[in-house]
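Accompanying notes for the structure given below.
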Amino acid sequence: MRAVLFFAGGHLLLLPLGAWLAFHPSLRRESLGVRVSAALAAGAVGLTAEAMALTALGIRWTPVLLCAPLVVLSTGLAWRWSGPGAASDGPRAHPTPRGAAFALASAASLLALAHLGASLVTERATSVDYVYFWGVKAARFAAARSIDPVLLGWEYFFHAVPSYPPLVPVVEALPAMLAGGMAWKTGPLAALVWFLGSLPVVWATLRRRLPGDGAAAVAGFWTSALALSLVWSFSGGNGEAPILFFLTVAGAALLCERPSAPGEASRALAAVALAGAALTKVEGLVGALFLVAGVALRDRLAGRPRAFTRGVALAAAPVAGVLLWFGFQRAVGLPVGYAGHGFFFDLHFENVGKILTAALENLSAGTVGLSWIFPAAMLLLARSRRDALPALALVAGTFAFLFFDYLHDAGDPSLRIGWTLPRVSQPALSLWILAAGMVGFEQRR
Amino acid sequence: MTPAEGTRTRIWIAASFALLVFPLVRWTRAPAGGRLFLPRTPLDGVRTDLAREWTFLDQARRGLPERCRFTVLSPDLSREMDGFMMAIGLLPAAYPRPSSYYEALARRRPADVEYVLYYSEGEPPADLPGFRRVSVLPGGAIFRRAAAAPPAP
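So the protein lines, in turn, are chains A and B.
If you read the first sequence in this note's numbering, its first letter stands for residue 722, the second for the next number, and so on.
If you read the second sequence in this note's numbering, its first letter stands for residue 36, the second for the next number, and so on.
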């Protein structure tokens, strides 16, 4: 019973908390799946912001106190935006495919999802960090009814990376309060929920850019590659699946914009998802900022008016998210900022060879690298890669950041690269595939 | 759809099925009867050593008061750190006290500990200085302070 309450409470409850975004005029003509994904993103971000505010004010959480304000806000905004004529014209999608290609691509996706689901249920994809600190924070936050500043500031909680923003533990603490404790074996299944949550957005955006069968084929490859990678990198129960969700949703929404058709797509969904990425882990902020830089560069090269200004406006969301976290740290007396690996410019260039070797060894994604290599070939064959710039910027920025981070290791960084790279590279893999699919097909049309 | 798009579609689909060969090989290599099972801990499929320690801590926590002060001990300091990290979450309302941290012994043994969760692959000791054994479990034992513990600082 606790497991059911925990699982249902953990993620289904986020939907009414973030339903306002599903009713935003830019999303009202989207599919139900896209609107559910939007509600999931907005619910997680809203809940985290509220949890920080209540803790900073010294108010102990209750499930009602956490949920009621967000439900009221969602209801009010949904009411306001649900009037006649409030919906903006959305971009047209290609017709839904029905042929053999669609059936085969769907079969591949379902097999990959079955692999992910079975691996999570049998705990073959559990992250050890889940029992070391991600789930631990959630359990303690639920017991303390707050983002326990005493715990985060305790010298013997250093292993739990207290400087990480709190989205994942907060989202898991709510069902823990409802269920009377953590359902530890159920927790890793959250990775499946986050992954399923990104699928409708990926599918919708691909259908907008590609012919139906082509969209199905790329979606099938994306689903297979990322489902396999989540298992391979042991991403059950940690922060990787949420980051993958947020950056994929934002990236897909921004990639499908056509710079030649300004105003085609609103950036509301992307902005909320970018804030969610920033509130999950430091890598989320890095990915978000590089993605936005790529969008601004693409728009600038396409001659789109106010490309830079629109980029700054988009970057405001993840920056606001992380400033909220830093503000919280300051308000409760915690060290402000992220904990780094050593001094900023204390770099060990003698390790460059080891870093590159270990990086290549650990980018197999459970497929001896095929998940990376095949899209790379498609990108190389594309006549123009300008529309892929947002994704390419995120990929390049993520790897540059990780390279810089690994340079701080005085000893051999190979072991840490093996622990971290397979999972932190997943948002880059996701957008790498989507970009390859979009530009790879378009140049032939 | 143009012929070129049809070709690309078929290539992408073929690549998707090529990816699926890798998990298929892994599942078929799993021992018969061990492919699908209901796990007893969140770690059964990834770290059997940690799963054993988790099982011990999960059973031990049922014998402890909710808001007690505890520490984790083990002859293996690496196991002791693992147990300490996991116990903080398994006993979310209790007050953890480390005896060691990242395999470095604490400068002073925590003075106000009421319970010791002793994890060992072998036989647990009959007693610990100042503590008496109150329960033996698979993988270890629970010890309780013999005299009243000083109040928490």
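Heads up, the beta-carbon is just placed ideally off N, CA and C, and yes, glycines get one too.
Keep in mind it's a predicted model, so treat the numbers as computed, not measured.
Closest Cα partner of residue i within the set the options
{"i": "residue 159 of chain B", "options": "B:42, B:147, B:45, B:91", "result": "B:91"}
{"i": "residue 94 of chain B", "options": "B:180, B:40, B:173, B:183", "result": "B:173"}
{"i": "residue 1094 of chain A", "options": "A:794, A:1064, A:1151", "result": "A:1151"}
{"i": "residue 1144 of chain A", "options": "A:788, A:948, A:1000, A:970", "result": "A:948"}
{"i": "residue 105 of chain B", "options": "B:175, B:183, B:56, B:152", "result": "B:152"}
{"i": "residue 84 of chain B", "options": "B:155, B:168, B:123, B:162", "result": "B:155"}
{"i": "residue 833 of chain A", "options": "B:50, B:38, B:42", "result": "B:50"}
{"i": "residue 1176 of chain A", "options": "A:1086, A:1161, A:1059", "result": "The structure shown does not extend to residue 1176 of chain A, since chain A spans only 722 to 1166, so no value can be given for it."}
{"i": "residue 920 of chain A", "options": "A:790, A:771, A:970", "result": "A:970"}
{"i": "residue 1119 of chain A", "options": "A:1007, A:822, A:1042, A:1052", "result": "A:1007"}
{"i": "residue 877 of chain A", "options": "B:141, B:146, B:168", "result": "B:141"}
{"i": "residue 108 of chain B", "options": "B:57, B:175, B:45, B:43", "result": "B:175"}
{"i": "residue 742 of chain A", "options": "A:1058, A:852, A:772, A:990", "result": "A:990"}
{"i": "residue 1001 of chain A", "options": "A:779, A:725, A:962", "result": "A:962"}
Span separating the alpha-carbon of residue i from that of residue j
{"i": "residue 150 of chain B", "j": "residue 1031 of chain A", "result": "59 Å"}
{"i": "residue 171 of chain B", "j": "residue 850 of chain A", "result": "28 Å"}
{"i": "residue 1153 of chain A", "j": "residue 820 of chain A", "result": "27 Å"}
{"i": "residue 1036 of chain A", "j": "residue 968 of chain A", "result": "13 Å"}
{"i": "residue 1146 of chain A", "j": "residue 956 of chain A", "result": "12 Å"}
{"i": "residue 1158 of chain A", "j": "residue 935 of chain A", "result": "8 Å"}
{"i": "residue 40 of chain B", "j": "residue 913 of chain A", "result": "31 Å"}
{"i": "residue 86 of chain B", "j": "residue 77 of chain B", "result": "7 Å"}
{"i": "residue 951 of chain A", "j": "residue 846 of chain A", "result": "7 Å"}
{"i": "residue 800 of chain A", "j": "residue 1108 of chain A", "result": "36 Å"}
{"i": "residue 898 of chain A", "j": "residue 788 of chain A", "result": "12 Å"}
{"i": "residue 945 of chain A", "j": "residue 1055 of chain A", "result": "41 Å"}
{"i": "residue 66 of chain B", "j": "residue 911 of chain A", "result": "27 Å"}
{"i": "residue 128 of chain B", "j": "residue 114 of chain B", "result": "22 Å"}
{"i": "residue 1148 of chain A", "j": "residue 964 of chain A", "result": "7 Å"}
{"i": "residue 941 of chain A", "j": "residue 865 of chain A", "result": "43 Å"}
{"i": "residue 826 of chain A", "j": "residue 1103 of chain A", "result": "22 Å"}
{"i": "residue 929 of chain A", "j": "residue 996 of chain A", "result": "24 Å"}
{"i": "residue 1079 of chain A", "j": "residue 1071 of chain A", "result": "14 Å"}
{"i": "residue 882 of chain A", "j": "residue 933 of chain A", "result": "44 Å"}
{"i": "residue 1060 of chain A", "j": "residue 1005 of chain A", "result": "15 Å"}
{"i": "residue 52 of chain B", "j": "residue 43 of chain B", "result": "14 Å"}
{"i": "residue 905 of chain A", "j": "residue 924 of chain A", "result": "32 Å"}
{"i": "residue 1014 of chain A", "j": "residue 1136 of chain A", "result": "31 Å"}
{"i": "residue 943 of chain A", "j": "residue 907 of chain A", "result": "25 Å"}
{"i": "residue 1138 of chain A", "j": "residue 1076 of chain A", "result": "8 Å"}
{"i": "residue 1028 of chain A", "j": "residue 974 of chain A", "result": "16 Å"}
{"i": "residue 822 of chain A", "j": "residue 765 of chain A", "result": "35 Å"}
{"i": "residue 1040 of chain A", "j": "residue 763 of chain A", "result": "16 Å"}
{"i": "residue 887 of chain A", "j": "residue 122 of chain B", "result": "20 Å"}
Contact set for residue i: own chain, Cβ-Cβ below 8 Å, skip 5 residues either direction
{"i": "residue 1062 of chain A", "result": "1126, 1129, 1130"}
{"i": "residue 163 of chain B", "result": "108, 151, 153, 178"}
{"i": "residue 880 of chain A", "result": "853, 854"}
Residue(s) in a DSSP beta bridge with residue i
{"i": "residue 154 of chain B", "result": "B:175"}
{"i": "residue 117 of chain B", "result": "Residue 117 of chain B is not bridged to any residue."}
{"i": "residue 162 of chain B", "result": "B:167"}
{"i": "residue 139 of chain B", "result": "B:136"}
{"i": "residue 106 of chain B", "result": "B:151"}
{"i": "residue 698 of chain A", "result": "Nothing about residue 698 of chain A can be read from this structure; chain A reaches only from 722 to 1166."}
{"i": "residue 180 of chain B", "result": "B:166"}
{"i": "residue 131 of chain B", "result": "B:105"}
{"i": "residue 957 of chain A", "result": "A:847"}
Own chain partners of residue i with C-beta closer than 6 Å, once the 5 adjacent residues on each side are dropped
{"i": "residue 786 of chain A", "result": "none"}
{"i": "residue 148 of chain B", "result": "104, 106, 132"}
{"i": "residue 792 of chain A", "result": "737"}
{"i": "residue 126 of chain B", "result": "96"}
{"i": "residue 1038 of chain A", "result": "992, 995, 996"}
Same chain only: Cβ atoms within 7 Å of residue i, ignoring 5 sequence neighbours per side
{"i": "residue 112 of chain B", "result": "135, 138"}
{"i": "residue 867 of chain A", "result": "776, 781, 782"}
{"i": "residue 1184 of chain A", "result": "The structure shown has nothing for residue 1184 of chain A, since chain A only spans 722 to 1166."}
{"i": "residue 859 of chain A", "result": "890, 893, 894, 897, 903"}
{"i": "residue 1090 of chain A", "result": "1084"}
{"i": "residue 869 of chain A", "result": "861, 862"}
{"i": "residue 98 of chain B", "result": "170, 177"}
Query raised in the report: Of the residues that make up the stretch 70 to 93 of chain B, which ones have a beta carbon closer than 9 Å to any beta carbon in chain D?
Result: Considering every chain present, this structure includes no chain D. Its protein chains are A and B.
Query raised in the report: Along the chain, which unbroken stretches of the alpha helix (DSSP H) at least 4 residues long are found entirely within the stretch 986 to 1058 of chain A?
Result: 989 to 999, 1003 to 1022, 1028 to 1052
Report task. Taking only runs that begin and end inside the stretch 1089 to 1152 of chain A, name each unbroken beta strand (DSSP E) of 3 or more residues, in chain order. Result -> none
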